[in-house]
Every structure is written in C-alpha cells, then in structure tokens.
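Below is one structure; the comments refer to it alone.
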Amino acid sequence: MNTRSSLAVVLLLSILAPVVVESQTVFQRPPARQQQQQQREQDESANGEDEVVRISSNLVQVDAVVTDSHGRLVTDLRPEEMEIREDGRPQKITNFSFISTEAGLARTLAVASPSGKSATTAAPAPPALPRRLSPEQVRRTIALVVDDLGTSFESMGFVRKALRQFVEQQMQPDDLVAVIRTSSGIGVMQQFTSDKRQLLAAIERVRWNPQGRSGTSAFAPIESNPLTRTDQESEMAGGPNRGGDVDNEGIDPTNVNDRHLGDELDKFREDVFTVGTLGAINYVVRGLKDLPGRKSLLLISDGLVLFNHDPRRSRNQRIEEQVRRLTDLANRSSVVIYTMDARGLQPLGLTAEDSTANLTTTQVGALLSQRSEGFQISQEGLVYLAQQTGGFSVLNRNDLGAGIKRVVEDQKGYYLIGYRPDESTFDPATGQRRFHKLSIKVVGRPGLKVRYRTGFYGITDREMRPELRTRAEQMINALSSPFSANGVNLRLTSLFGNDPRAGSFIRSLLHIDGRDLTFTTEADGWHKAVFDVLAVTFGDSGQIVDQISRTHTLRVRGSAYERVLKDGFVYFINLPVKQAGAYQLRTALRDTASERIGSANQFIEVPDLAKDRLTISGIVLSGVDPAAVKSGSQPSAAAAVAGAVSSSAPGAESSAEEDSDRLETQSGPAVRRFRQGMMMRYGYMVYNAQLDKATSRPQVQTQIRLFRDDRQVFTGKVQPLSMAHQSDLERLIVTGALKLGTDMTPGEYALQVIVTDPLAKEKYRTATQWIDFEIVK
C-alpha cells in the first residue's frame, strides 16, 4: 500500500445526491413481542461466564461429557457421583457444575419470502447479518479443519458438500466458525467468524492437494509391479514419488532389500506429512486458547497414521511426543478434538481399478490384507487423537454432513470438574517435566460413558501464558482475535470499486473515535495525538495480500479539535486488487500514550468484471437532515459516488488533518449510524450493463429492500434508471434516498439493492448487493 499526500474526492462520501432518484419513507411498528425477545437476548448475554478449563497450583479444572448407552447427554449428575483421579490418586472434587450451551441455539433464521414472481422481486434476500459477537455471546466455537495434506481427490468433493450443508443449514447466529486447511499459512486464524459469506468463500478454496500424502483415490490400486510405473502414474495414484522429496528411481522391486527400502521411504514420507498435519492442528488449538468457553475442532481426513505397527521399526518418538504435547495444549485451551474419516464406508476387497493379472492368489491376498491393515492403522490414529482430548471419531459413514451434525450436537453441554492438586503436581524440580494422567468415571450409575482429556503437564497456565509487552505483540494479538478490541472504538467499512485506469480495488474507511485518543496540549492551541495503525489484508486462502504498519501524528486545534472529539475522523485504506476473490481486512489501532488498542475487521468479495456479468459496487450510505435536502445545500451526487467507488491511484490515506472538511459525522459512510427521521442517502455503481442494439443505451431497473432481524420490513418500487446524466455507460451511477420513519425500532438493519438488466442472459439478469447500518434514537 502506498501513501498519498493529499486526500482524494472520497472525502465527499458523507454527502450524497440532492437529486433524489428514489425517495420513499419507511415506517415500522414492531410487534409487541419484539421487546420481550430483546430482553431475552440481553438476559442470555448477561448470563455468559468465563467457562474455561484452568490449570493452576490451586485449582485443576477440566471438562467432561457424560452420555448414556444411546449416546444421549446426561445432565443431572451430582458431585458425589463422579470420581476423578490424577496419576491414579483419587482427588476431592471442589468445583462442580453443568454448563449448557443450548440457550443460544433457540434463535433461528427466518427470512420473509418476497412476493411476486418478477425477476426483481424474486431476487434472494441478503445473507443473514453476521452478529458482532462479544466473547460472552458466543455459544459454540467450531474449527472445521480439512486435512488437505491427507485427503484424496475422490473424498474432497464430499467434504465440500458436507461443509456447505453445515454452514447453510446448521450454523446458528451465535456460532463462531472457521474453515481451515492444514496446508494453509498463518492466515488460518483470521477466519473465525459468524459471517456465512466468508465461510462459504473459504469452502470454495478447499481443494485436493497433490503434494499431500493421499492420491486421487482413497487407496492406490493394486498392480502387478507398482514400483515400475512412471513418475506421473505414481504421482496420480498416490505412490511414493508424490511430494517431491522422495525419489524411488533405481529401486529394483525384485530385490528384497530394495523392497524394504521402498517401504522405508514410504514410511518416511508418511511421517513428514503426519507431523505437518499435527503441526497445523497444534497451531489452530493454540489460537483457540484465548477464545471463550469450550471449543471444538473437527479434523476431516482420509486417515492419520500416528504409530507404526511394523515390529521391524521402533515407535516414532517424535510423533508420540507431539501428540502428548497437543493433548496438554488442548486441555489448557479447552479444546475438544473430534475426527472424521472422509473416506466413508470403504470396500476393502478388489475393485475395478485393481490389476491382478500377473499376481498369484497368495500375492493378491497379501496385498488385500496389507490394504485392510493400512486402513485400520490410519483410522486408529484418528481415534487415538480424538480420545486423548475428550472427543470421538466419526468412522465408516458415507453421510459426512450427518457426521458433522453429530459433532456439533455434542456441544450442547458439559461438566466442569475441579480439584485442588498436590504440591508435587507443580513441583519445579519434577512436576513440570511430567505428564500427569487423568481419569474420570461415574460411580453408582452403570452404563454411562465419560469423555475427557487424558492429562496435562505440571506447568501452570500463568507460566505458560506469554506476556504481551511490546507494541508489535499487543497489536498482532488484537489483529488475530475474532473479537473487536474496544480500547479505541473503531468502525470499518470496505467497498469494492472499479476504475477504468486503476482497475478493481477495495476502499476501506476506518472511523476512529477521537475521544479514545490521548491528546496533549501544545503552544498556540494545538492538540496532538500519536497512534499506531496495523492493517493486514488476507486472501481467501489465508495468505497475506498486503499490509501496512505506520505511526501517525494528529494535530488539530479550534473547532476542528472539537469535531474530532465529537464526531471522530476517518482513516482511508485503498488496496489495488489484481485477482477476483474473497478478501478480509483486519485492522488494529493503538493509542501510543495510553496503550489502549482497538480492532476491526471486514470481509468483502471482489467479482471478476472480465466475465461481462452484471455487477454492483459497494454501497455508500450517508444521512442528512431532511431540511438540508429541501434547501439544496448538498454537493453533486455523481462526484460523491464516483469518489467512493473509483480511484486513479489507490493508496493508504489518512484524514488526520486540521482541515475541518475532512472530518466525518456519525451518519457518514464509515459509521452508518442514523437517527430516526433522517434522510438516508445511498449510492453505488453498476458494471457490465448490456446495451440495446437499437439505442446503444442500457435498460437497467433498480429496487431496494430493507431487512431487520433477517425479516423483510420494506420493499421499494421497481424503477428504471435514468441515463440523462450518465457519463460512462460501463459504470452507471445510481443514487437514491430513503426517509427513515420516526418510529422505526432502533437496532441493526440491512439495505439491499437489486439491479435487473432485461437485455442480459436470463441466468445473469439480476445482481444484488447489501450493506448493514444502525438506527438510533
């Protein structure tokens, strides 16, 4: 990102058209029971507790799930019915409670069906608004980890289908979810969100990894002489050459020693990628540590070989130690690991892909036995990993969606059980080096099953938790959290736009509350504040696309200083985009004097305009007093919208200047907070509208809809777009206004714009875009 010394015309964003293309008034009388629902939601939020597993010298507190013989959750146990042991020694239970997470699941999505059958009214509703969840509002935190290092091409299609089914049908508004690939980089922790759009975009990036340990099918086909295949055939079949690090060239399959060498190379390669999978899980679990409550991680894989059953080889100590450390970390992070075999129910006999023409019956039997044993070993690794952390494995099920549902339903509730450990548990001389084994069982009620984490190292959580001392550590911690830090109040708005010279770009407006900054008074009435800004843009694969890290000095005086304190100001970030896709901008701001930190993030999709399909830019909102509209005191609409969604030289800009014209009010496009009775103006651009062959002009129609709590509360009229003042037919400017009723219920809303092009192909005739905003009294 490059800086620019002067502000672009984007600073006019807070003022939109005086010429009202679509002026309508919205009145909403909420149902009487709405206030009761709001009160229930407040009560649920107030009851949120810090339900985290603790390991300290005074208290060891672990979680456990108890089920009956039918797998149903048991919720009525008493402390005297539970027994917990550490290293075989019984412990006295001092803390005992059952935590239910079902309260947050009662809230379901309900979107009113649009009336009519025309192309415009049949447009889909905007996605359910992602809630700005605070830690106490999160009921379930779920990491869906796809082991693309160990999942075959054949299985990956079923995995994507199951993930989409979960997000679209099972995910709840209070869920915090991430879709993560084990081959992803550091960006994986940027994906925890309640935004379904972001998750669906991540699912589309889940692909077979040809450099992993699984081939195109769940099993490599049986062949009469597998080691004489070409490199390409071996790679596609999942043979030992895949991965690039191991080369079997020159191995004679008829030589017994060479055959053993080939086995050793296969085993080495398996170990390398298994450690890679465990390392990725370790990273995710570590990132989950600071999230609230009990978290779940579901690993979806074609199998995981953790321990070797070959008597000729010793046990892999590296993998064994990594599993043990992962178990301890999962315990401290309050993470339960579940595993699911993506292969489903597999036939282990001969298949159509097997070629046994030159093999004897004994050889075929031996190879089939080897296949069966390998399948069992790979599933044993999945089972072991889940058992060590209190989860379970979903095996031999062709319906992966049902498997995910079973895992999610296991999050309905759990017991927290605590005891006071002996001094020897955390003895620096011996305890810290020991892995203390736990066992929990129910006494007096036969037939009940308990799942729990199997142990921990004798180190307290305080000793394990790093202290964030440096500026960089503080800001990166705020940046990586899925929750907004509120030491400095920030509001982020990101818009997609396209310019004929610069191409596609993302323009982001970061509104900063001036009251949260520390100002020092200088000579001549000047006031100075210094703050640090860190902004990172992630692509849909988790990779870093761009980043800035800067320190800014804001100097203001007089009326400008008063407006900064009252209305705040905006920091602009422009990112040129060379490739279409889904992006996420995460920002953190730190007040240097007080070290208070704020953070914000937003997800945005950039379409591919080269496909020549009807597309809409981001929507710009601004609110003004109705009297100002009548007096005609507002600047040009075209200049405002063009400044928002076109740019000749995108770069990072800051409005941290004295010029009062560069300060934005609370009802501007960065904050999108409007009072009842205000005139809310909106503007956007339409790309790729088709031209009438007779007139060489577009025939575009527009419509707006308003939603609250996922329910449609207002539908505007379908109106043709006037071409009178359009200077660029490839980038049509649309502006309008909506008068907000004086009795509209305060809260979160969504404005949806619908554009229809009757000249386009039927499949691409309609485009929609939406933006959220808030109404206050």
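Numbering (our numbering), first residue to last: -19 to 757.
Every residue, glycine too, gets a C-beta built ideally from N, C-alpha and C.
The structure presented is a predicted model; accordingly, all values stated were derived computationally and were not measured.
Which residues does DSSP pair with residue i in a beta bridge?
i	result
L53	T47
Y744	According to DSSP, which records beta bridges pairwise, Y744 is partnered with nothing at all.
S529	L514
F372	Its beta-bridge partners do not exist; DSSP assigns none.
M320	I280, V374
L156	T121
W750	Q732
V666	I596, L712
Y541	Beta-bridge pairing links Y541 to no other residue.
G71	Residue 71 is actually Gln in this sequence, not Gly. Answer by DSSP bridge pairing, in chain order: I64.
G519	Y563
L472	L490
F654	I755
L534	A509
N766	With the chain covering -19 to 757 only, the question about residue 766 has no answer from this structure.
T500	K508
Mind checking whether residue i and residue j have CB atoms under 7 Å apart?
i	j	result
M659	V604	yes
G273	M320	no
Y432	G370	yes
V468	I280	no
V316	V265	no
V812	V536	There is no way to answer for residue 812, as the model of the chain reaches only from -19 to 757.
I577	A465	yes
Q679	L739	yes
I751	I599	yes
A669	D737	yes
L418	S77	no
V651	R400	no
L565	S488	yes
M665	S707	no
T74	G398	yes
R758	M455	Nothing can be reported for residue 758: it is not among the residues displayed for the chain, which extend from -19 to 757.
K385	Q150	yes
V126	V186	yes
I79	Y394	yes
V388	F476	no
Report the option in the options whose CA atom is closest to the CA atom of residue i.
i	options	result
S114	T736, P462, T257, V423	P462
L284	L271, S276, K269, E300	E300
T473	I486, R481, D479	I486
H491	K546, F138, T715, D43	K546
I584	S597, A562, L418, L278	A562
S529	V45, F511, I183, S707	F511
S49	G259, P426, Q356, G256	P426
K743	D672, L594, L601, V698	L594
G696	E710, K757, K719	K719
A704	L39, V698, R677	R677
G519	A540, L555, D571	L555
G505	E542, L497, D493	E542
V46	V735, V430, G259	V430
D67	D402, Q367, G548, P587	D402
L589	A366, Q343, G483, I684	G483
F549	P649, A560, P153	P649
I734	A560, P700, A181	P700
G663	Q732, T405, P606, D282	Q732
W188	L180, A181, T162, D493	T162
E148	D127, K176, F133	K176
P408	V42, D390, V586, E443	E443
If residue i sits next to residue j, beta carbons under 8 Å apart, how far is it from one beta carbon to the other, in whole angstroms?
i	j	result
L124	K392	Actually they do not touch by this definition, with Cβ atoms about 18 Å apart.
A568	L514	5 Å
V363	S373	5 Å
K381	A142	Going by the sequence as given, residue 381 is Gly instead of Lys. That belief holds up - the Cβ atoms of G381 and A142 are roughly 4 Å apart, short of 8 Å.
F436	N311	5 Å
R655	A717	Incorrect: roughly 15 Å between the Cβ atoms, too far for contact.
Q359	L347	Not really, about 19 Å apart at Cβ, beyond 8 Å.
I183	L278	I183 to L278, Cβ: 14 Å. No contact.
R711	N478	7 Å
T173	A322	Actually they do not touch by this definition, with Cβ atoms about 24 Å apart.
R304	F415	6 Å
#### Entry: In chain order, each beta strand (DSSP E) run of at least 3 residues that lies wholly inside the stretch 671 to 715
681 to 688, 691 to 695
### Query
For the stretch 555 to 602, which segments carrying the beta strand (DSSP E) assignment without a break, of at least 3 residues, lie completely within its bounds, in sequence order?
561 to 571, 577 to 586
### Message
To test your reading of the DSSP string, which unbroken beta strand (DSSP E) runs of 3 or more residues are found completely within the stretch 389 to 434?
### Response
393 to 399, 415 to 422, 429 to 432
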